[in-house]
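Numbers given in my numbering equal positions in the sequence shown, counted from 1, plus 4.
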Amino acid sequence: MRSVSSSNEVKKIIQNDTYRLLSTYDRDCDQRISFKGAVEFFKDSGCVHPKEEAMILFNGDTNKEMTFDEIFQILFNQIHGKIGYLNQEILEFVEGHYNRGNRSVDFLELESHFKKRPQVNPRLSALYYILKINGNDDKFVVTLDQLREYARARNLRRMLKHNSPPKAQRVEV
Numbered sequence: 005m006r007s008v009s010s011s012n013e014v015k016k017i018i019q020n021d022t023y024r025l026l027s028t029y030d031r032d033c034d035q036r037i038s039f040k041g042a043v044e045f046f047k048d049s050g051c052v053h054p055k056e057e058a059m060i061l062f063n064g065d066t067n068k069e070m071t072f073d074e075i076f077q078i079l080f081n082q083i084h085g086k087i088g089y090l091n092q093e094i095l096e097f098v099e100g101h102y103n104r105g106n107r108s109v110d111f112l113e114l115e116s117h118f119k120k121r122p123q124v125n126p127r128l129s130a131l132y133y134i135l136k137i138n139g140n141d142d143k144f145v146v147t148l149d150q151l152r153e154y155a156r157a158r159n160l161r162r163m164l165k166h167n168s169p170p171k172a173q174r175v176e177v
């Protein structure tokens, strides 16, 4: 069992990512990233198959360039598109760790869990859950109970949304 990382460790990781991105990102000049740059980004954020993820992102066109805005929009859409899968992963994670003495889960532990899963960006997925649960605090720690309740509520909301009866149509008279 790994000890819970300090918020300073997490801040350093996020600051390094942010600094790396911001040092090359200039919103006014439409900065572009190449396929090779995307592979490096996926490696840095712990993806299982960085080259394959970049191929998906670039639709197989290794000569194409994209802006950071385009890349992050696609990545966040992927997270939202896979939220059912991610919630199931969270529930399995909670079940596997619930009997341990320490019920706190930090950003690095959650990221490490997602690193074993293809088709998700581990760093963004871990950050997504922690920020959704905690809001914008600087602890980057949640409890197993919070993770379980959030994932269950999201699954229930999705189930009700997809299984709800059709809405009544207005009839003009």
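Virtual Cβ for every residue (Gly too), placed ideally from N, Cα, C. All of these numbers come straight from a predicted model, not from anything done at the bench.
Have a look at residue i and residue j and give me their C-alpha separation to the nearest angstrom.
{"i": "Y89", "j": "Y132", "result": "14 Å"}
{"i": "G100", "j": "L114", "result": "13 Å"}
{"i": "N125", "j": "R104", "result": "27 Å"}
{"i": "Q150", "j": "D65", "result": "41 Å"}
{"i": "V145", "j": "L164", "result": "29 Å"}
{"i": "I75", "j": "V98", "result": "30 Å"}
{"i": "N138", "j": "L112", "result": "15 Å"}
{"i": "I83", "j": "A130", "result": "11 Å"}
{"i": "N81", "j": "E93", "result": "18 Å"}
{"i": "E153", "j": "K143", "result": "19 Å"}
{"i": "R85", "j": "D48", "result": "One detail in the question is off: residue 85 reads as Gly in this sequence, not Arg. Roughly 22 Å between the two C-alpha positions."}
{"i": "I60", "j": "N106", "result": "38 Å"}
Sorted by chain position, which residues of the same chain lie with C-beta nearer than 7 Å to residue i's C-beta, five sequence neighbours on each side aside?
{"i": "A58", "result": "F39, A42, V43 and F46"}
{"i": "P122", "result": "V52 and H53"}
{"i": "H117", "result": "F97"}
{"i": "F102", "result": "Before going further, note that residue 102 is Tyr rather than Phe in the sequence given. The residues are L148."}
Please go through the same chain and pick out, in chain order, the residues whose beta-carbon is closer than 6 Å to the beta-carbon of residue i, but skip the five residues on each side of it.
{"i": "L95", "result": "A155"}
Is the beta carbon of residue i less than 7 Å from the beta carbon of residue j?
{"i": "K68", "j": "F62", "result": "yes"}
{"i": "L128", "j": "L79", "result": "yes"}
{"i": "N167", "j": "N91", "result": "no"}
{"i": "K120", "j": "G50", "result": "no"}
For residue i, count neighbouring C-beta atoms within 10 Å of its own C-beta (all shown protein chains included) and say buried if the count is 16 or more, exposed if not.
{"i": "I37", "result": "buried"}
{"i": "D110", "result": "buried"}
Less than 8 Å between C-beta atoms, sequence neighbours within five positions excluded: which residues of the same chain meet that for residue i?
{"i": "I87", "result": "R158 and R162"}
{"i": "Q77", "result": "none"}
Can a CB atom of chain B be found closer than 7 Å to the CB of residue i?
{"i": "D65", "result": "Checking the listed chains, one finds no chain B in this structure; it contains a single protein chain."}
Contiguous alpha helix (DSSP H) assignments of at least 4 residues, all confined to the stretch 92-136
You should have 111-119.
Restricting to runs no shorter than 4 residues, where is the alpha helix (DSSP H) found entirely within the stretch 63-89?
The qualifying runs are 72-85.
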